[in-house]
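Undergrad: Okay, here's the structure, questions in a sec.
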Amino acid sequence: MEGIDLIQDLAITLLAAGIAGVLCKRAGLSVIVGYLLAGIVIGPYTPPFSLITDVPRIETLSQVGLTFLMFSIGLGFSLTKLRQMGAGAFVATILAALLVFNFTQLIGLIAGWSHLQGLFVAAIFMVSSSAVVAKVVRELNLDHDRTGQLAVGVTVNEDVVAVVMLAVLAGQSAAGAASVHLGSLVTGLIAFVALLLVSGLLFVPRLLRRMELAHTDPELRTLLVAGLLFLMALVAVKAGYSLALGAFLLGAIVAEMPQKPGIEKAFAGTRDMFSSVFFVSIGMMIDVRLFGEVWPAILGLGLLMIAVRVVAVWLALIAVGEPSAEARRAGLMLIPIGEFSFLTAQMGVKSGALPAKAYPVVVGISILTVFVTPFLNQHAGPLLRGCDRLEPGWFKRGLDAWHRWLAQLAGLGHGRRWWELGRHHVILLTLHLLLLTGLTTFSELIFRSIQQSPLAANLDPLGFKVIFWVVFGCVLLIPLIALWRALSALATLFARTAAERLPRLPVRPMEACAKVLGGAGLAYYLSQVLPVASLARWLWLVILAVAGGVVFVFYRRLAALNENWQSDLTAAFDGGAPATPEGTAALGSQPWVGDARSWDLNVQECVLPERAACAGRTLGELDVRARFGCSVVEIDRQGTVLIAPDLATRLYAGDRLLLLGRSENLGRARADLSAGKTAGETHSIDECRLESVAVPATFAAALTVAEMQDAAGSHVLVVGIERAGVRHVNPVGADPIRPSDLLLVLGEPDKVQALRRWLASRSE
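For the sequence shown, the residue numbers in my numbering are 606 to 1369.
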């Protein structure tokens, strides 16, 4: 049967990934290692034969997995989160990446690598695996510890570095190592990212909001987001970049929206399935016979890069003001390499920049780092104390002086009124400048793509050219008007701030001069980025005439559109768009979390499993404080955070609890709260049924509905009472129960039977 081979290959791939993942999970390793080993076992290079009949088809499916994987990584990286982390984490990430990059380039220079080979090898080791780092932080219960937060902050920012490097390498591989300057590639990449990101932030949230207001089914929303995901991946490929870039950007856009939790949940299963196919396909491409040749390179280069990454992260973090001990501990967590390194190696081998042996070397180093990282972090105490003793006194004194200077420098920025007032306009100016650059840089590519599509097949070439460039000129009016408004606001602010310091200076002439200079700079910039030489003069005159007419006739409408445009961008880039529902806070985000350490108290999370034995019970019934000596200080329930819950608060499956206490007590409390129910204790909603229960004519007690339910303790719901032929539906708790009543109750069969026995026992 046609297509049955694909089903067979997919079945083998998923089963092998599942079995290997379970084994690695039990061994305390990342499931990624299991997926890689599964690919090696079932791949075409493992004797005696390949279990997969069509490897290229599995590789095609792996591209789908890569798309979903990059989308999920983008969901974990939001602009709001980046802003909350502060500039320190971002600067430290860049510094660490540059240190690893330059060290790798030095090795390449000594080893005689080409420029392109050096770029690929540097990209492989510049970033850590966010999936493995998050797992290590979670298993060590450091989610709310400063070192764990530093590690997660750096690895999230490293995802951006990795995406940028992938895009640069894709451009270098396509154009040739020496034909395109790296600076021009980065400029084009920034323009493309700005174009996609700003456009997405303007249109995707509006589209999803309208679907939400129209009460569209979540299924249709999922289909729409999936379509946009593959469309943005396709656009990135058409622009000459990796599909990972487009998928990552859409994830970052969705991360800014209130719909993020629902979308993330809807894509979780699909992401897990296809991303496992991606990692298995990486393993399939490895020739196991090469391991015998490359194991010295795996050990040597792997141990060297472990040391380099730890030192680079440590130096980068202390450079931005972090204490040396915390920086070293964070460096130990950021050792493992993973998904981005595999993708970079795959791109390098396919482009011919790297030899085939690079695959097993990278995978071997990844497995080595995944093995080493948990071991080093579990025994980090003695290692870090030894490093602290070896640190010379002059270095500590110099570091303290550097940190004091950074603190003073940070204090100088507070209270600068011009920056506080102008920051908003500077952000908008930068964003619109990048958007304008993106539109103009890729305008000719957009023109050619539409011209070669069926949309323009029956149009006159000259007529289509005129229509396209006239419409394009009108589209440019929106960012141009926004740019001018931002420039005008900054000019006014500059003039007024200068007049406050120098009262003799006239405000209006200074403001006018600033606007003239800003307008001249904008005009010069446009002359450099617009395709002036590509279009005839008469066409430019037509574009200017039409654009001028549009401004003259529709200026008010354009101004209103610009206001909406700016408010949407400000919400996303200035921290106004929460990724969680309005009115909620992040679990453990309160400042007291950091102060707990001074009392020798730790903060850990505990997520209640689906079949948690404590689900449905109150904190008073569980008595966590008396039994374990720790407190439940916060509960995150589907995005809503309950701070300092009282003893009457019930716990439910899926709740994220924030526990405060001493380390030795927290482990016991987490184990007890995470315990699951036995098979006999679990119940399904399908087991509930409606039954009629007759109250005996000799029933002696005079009770209300609420009193009967409390006294019986049978956990059934009275939904109807029939008395003397009259039926009363949904009685309230104060309604009486009388002899000979017929009750309609809802509950599990054994609970209903318990109610019958209780009624019989109360009869005379």
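Virtual Cβ for every residue (Gly too), placed ideally from N, Cα, C.
Quick check on residue 1304: does DSSP put it in helix, strand or coil?
TA: Counting from one through the sequence shown, the residue named residue 1304 turns up at place 699. Residue 1304 falls in the strand class under three-state DSSP.
Undergrad: Taking the Cβ atom as the reference point for each residue, do residue 641 and residue 942 lie within a distance shorter than 8 Å?
TA: As a first step, residue 641 is located in the sequence shown; it is residue number 36 there, counting from the start. As a first step, residue 942 is located in the sequence shown; it is residue number 337 there, counting from the start. No, the pair does not count as a contact, with Cβ atoms beyond the cut-off.
Undergrad: Taking 7 Å as the limit between beta carbons, can you name the residues of its chain near residue 1351, skipping five residues before and five after?
TA: In the sequence shown, the residue the question calls residue 1351 occupies position 746. Within the same chain, residue 1351 has close Cβ partners 1293, 1295, 1321, 1322, 1324.
Undergrad: For the region 669-748, list the alpha helix (DSSP H) runs that are entirely contained and at least 4 residues long, ordered along the chain.
TA: Runs of the alpha helix (DSSP H) inside the region 669-748: 684-690, 692-716, 720-731, 735-744.
Undergrad: Between the beta-carbon of residue 1254 and the beta-carbon of residue 1263, is there less than 8 Å?
TA: Here residue 1254 refers to the residue found at position 649 when the sequence shown is read from its first residue. Here residue 1263 refers to the residue found at position 658 when the sequence shown is read from its first residue. Going by C-beta atoms, residue 1254 is not nearer than 8 Å to residue 1263.
Undergrad: Which one or two residues does DSSP pair with residue 1326 in a beta bridge?
TA: Sequence index remark: in the sequence shown, residue 1326 carries index 721 (1-based). Answer is 1333, 1348, bridged to residue 1326.
Undergrad: My guess is that residue 832 and residue 840 are in contact by the Cβ rule of under 8 Å, so how many angstroms apart are they, rounded?
TA: The sequence position of residue 832 within the sequence shown is 227, counting from 1. The sequence position of residue 840 within the sequence shown is 235, counting from 1. So it is not a contact: roughly 12 Å between Cβ atoms.
Undergrad: Assuming residue 1120 contacts residue 1093 under a Cβ cut-off of 8 Å, what Cβ separation, rounded to an integer in Å, is found between them?
TA: If you number the sequence shown from 1, residue 1120 lands on position 515. If you number the sequence shown from 1, residue 1093 lands on position 488. Rounded, the Cβ-Cβ distance is 6 Å, consistent with contact.
Undergrad: In whole angstroms, give me the CA-to-CA distance for residue 1281 and residue 1218.
TA: Residue mapping note: residue 1281 aligns to position 676 of the sequence shown, counting from 1. Residue mapping note: residue 1218 aligns to position 613 of the sequence shown, counting from 1. Whole-angstrom Cα-Cα distance: 5 Å.
Undergrad: What are the partner residues of residue 1217, as DSSP defines its beta bridges?
TA: One-based indexing of the sequence shown puts residue 1217 at position 612. Residue 1217 pairs with 1281.
Undergrad: Does DSSP put residue 1235 in a helix, in a strand, or in coil?
TA: Residue mapping note: residue 1235 aligns to position 630 of the sequence shown, counting from 1. Reduced to three states, the DSSP call for residue 1235 is coil.
Undergrad: Determine the burial state of residue 919: buried for a count of at least 16 other Cβ atoms within 10 Å of its Cβ, exposed for fewer.
TA: As a first step, residue 919 must be located in the sequence shown, where it is residue number 314. Residue 919 is buried by the Cβ-count criterion.
Undergrad: In this structure, does DSSP put residue 1255 in helix, strand or coil?
TA: Here residue 1255 corresponds to residue number 650 of the sequence shown, with the count starting at 1. Looking at residue 1255 - three-state DSSP - the assignment turns out to be strand.
Undergrad: Since residue 1246 sits in a beta bridge, which residues does DSSP pair it with?
TA: As a position in the sequence shown, residue 1246 is number 641, starting the count at 1. In DSSP, residue 1246 forms a bridge with 1241.
Undergrad: How about residue 885 and residue 618: do their beta carbons lie closer than 8 Å?
TA: The residue labelled residue 885 in the question sits at position 280 within the sequence shown. The residue labelled residue 618 in the question sits at position 13 within the sequence shown. Yes, these two residues count as a Cβ contact at 8 Å.
Undergrad: When DSSP builds the beta bridges, which residues end up paired with residue 1298?
TA: Within the sequence shown, residue 1298 is the residue found at index 693, counting from 1. According to DSSP, which records beta bridges pairwise, residue 1298 is partnered with 1348.
Undergrad: If you draw a straight line from the alpha carbon of residue 932 to that of residue 695, how long is it in whole angstroms?
TA: Position 327 of the sequence shown, counted from the first residue, corresponds to residue 932. Position 90 of the sequence shown, counted from the first residue, corresponds to residue 695. Each residue's Cα considered, the two are about 14 Å apart.
Undergrad: Helix, strand or coil for residue 996 per DSSP?
TA: Here residue 996 refers to the residue found at position 391 when the sequence shown is read from its first residue. Coil, per DSSP.
Undergrad: Would you say the beta carbon of residue 761 comes nearer than 7 Å to a heavy atom of the ligand SAH?
TA: By its list of ligands, the structure shown contains no ligand whatsoever, and the ligand SAH lies outside what it can speak to.
Undergrad: Between residue 969 and residue 896, how many whole angstroms is the CB-CB distance? I'm expecting something under 8 Å.
TA: Mapped onto the sequence shown, residue 969 falls at position 364. Mapped onto the sequence shown, residue 896 falls at position 291. With a Cβ gap of about 7 Å, residue 969 and residue 896 count as contacting.
Undergrad: Of all Cβ atoms in chain C, is any one closer than 8 Å to the Cβ of residue 1361?
TA: The chain inventory of the structure shown lacks chain C, comprising one protein chain alone.
Undergrad: Counting along the chain, where does the alpha helix (DSSP H) carrying residue 982 start and finish?
TA: Against the sequence shown, residue 982 aligns to sequence position 377. Start and end: 963-983.
Undergrad: Skipping 5 residues on each side, what residues in its chain have a beta carbon closer than 7 Å to that of residue 1040?
TA: Taking the first residue of the sequence shown as position 1, residue 1040 is located at position 435. The answer, listed in chain order, is 799, 800, 803, 1084.
Undergrad: Determine the closest residue to residue 732 out of 751, 698, 719, with distance taken between C-alpha atoms.
TA: In the sequence shown, residue 732 corresponds to position 127, counting from 1. Measuring from the Cα of residue 732, the nearest candidate turns out to be 698.
Undergrad: Please state whether DSSP places residue 868 in a helix, a strand or coil.
TA: Here residue 868 is taken as the residue at index 263 of the sequence shown, counted from 1. Residue 868 falls in the helix class under three-state DSSP.
Undergrad: Taking 7 Å as the limit between beta carbons, can you name the residues of its chain near residue 673, skipping five residues before and five after?
TA: The residue given as residue 673 occupies position 68 in the sequence shown. Within the same chain, residue 673 has close Cβ partners 872, 875, 876, 879, 880.
Undergrad: Buried or exposed for residue 1307, going by 16 or more other Cβ atoms inside 10 Å?
TA: Within the sequence shown, residue 1307 is the residue found at index 702, counting from 1. When all chains shown are included, residue 1307 counts as exposed.
Undergrad: Under three-state DSSP, which class holds residue 765?
TA: Locating residue 765 in the sequence shown gives position 160, where the first residue counts as 1. Here residue 765 sits in helix by DSSP.
Undergrad: Count the other CB atoms within 10 Å of the CB of residue 752; is the residue buried (16 or more) or exposed (fewer)?
TA: Numbered from its first residue, the sequence shown carries residue 752 at position 147. Buried.
Undergrad: With H, G and I counted as helix, E and B as strand and the rest as coil, what does DSSP make of residue 1079?
TA: Here residue 1079 refers to the residue found at position 474 when the sequence shown is read from its first residue. Correct three-state label for residue 1079: helix.
Undergrad: On the premise that residue 1082 lies in contact with residue 1034, defined as a C-beta separation below 8 Å, what is that separation, rounded to the nearest angstrom?
TA: By 1-based counting over the sequence shown, the position of residue 1034 is 429. By 1-based counting over the sequence shown, the position of residue 1082 is 477. Between residue 1082 and residue 1034 the Cβ distance is about 17 Å, and since that is not below 8 Å, they are no contact.
Undergrad: Alpha carbon to alpha carbon, how far is residue 1226 from residue 983?
TA: The residue you call residue 1226 lines up with position 621 of the sequence shown. The residue you call residue 983 lines up with position 378 of the sequence shown. Looking at the two C-alpha atoms, the distance is approximately 35 Å.
Undergrad: Answer yes if the region 1000-1016 comes into contact with the region 1098-1114, meaning at least three C-beta pairs across the two stretches below 8 Å, and no otherwise.
TA: Segments in contact, no.
Undergrad: Apply the 10 Å Cβ neighbour rule to residue 763 and answer buried if 16 or more other Cβ atoms are within range, or exposed otherwise.
TA: Walking along the sequence shown from the start, residue 763 turns up at place 158. Classification of residue 763: buried, given that the 10 Å Cβ count is 16 or more.
Undergrad: Would residue 944 be called buried (16 or more neighbouring beta carbons within 10 Å of its own) or exposed?
TA: Along the sequence shown, read from residue 1 onward, the residue named residue 944 stands at position 339. By the 10 Å Cβ count, residue 944 comes out buried.
Undergrad: For residue 1349 and residue 1327, what's the separation of their Cα atoms in angstroms?
TA: On the sequence shown, position 744 is the one that residue 1349 refers to. On the sequence shown, position 722 is the one that residue 1327 refers to. Their backbone Cα atoms lie some 8 Å apart in a straight line.
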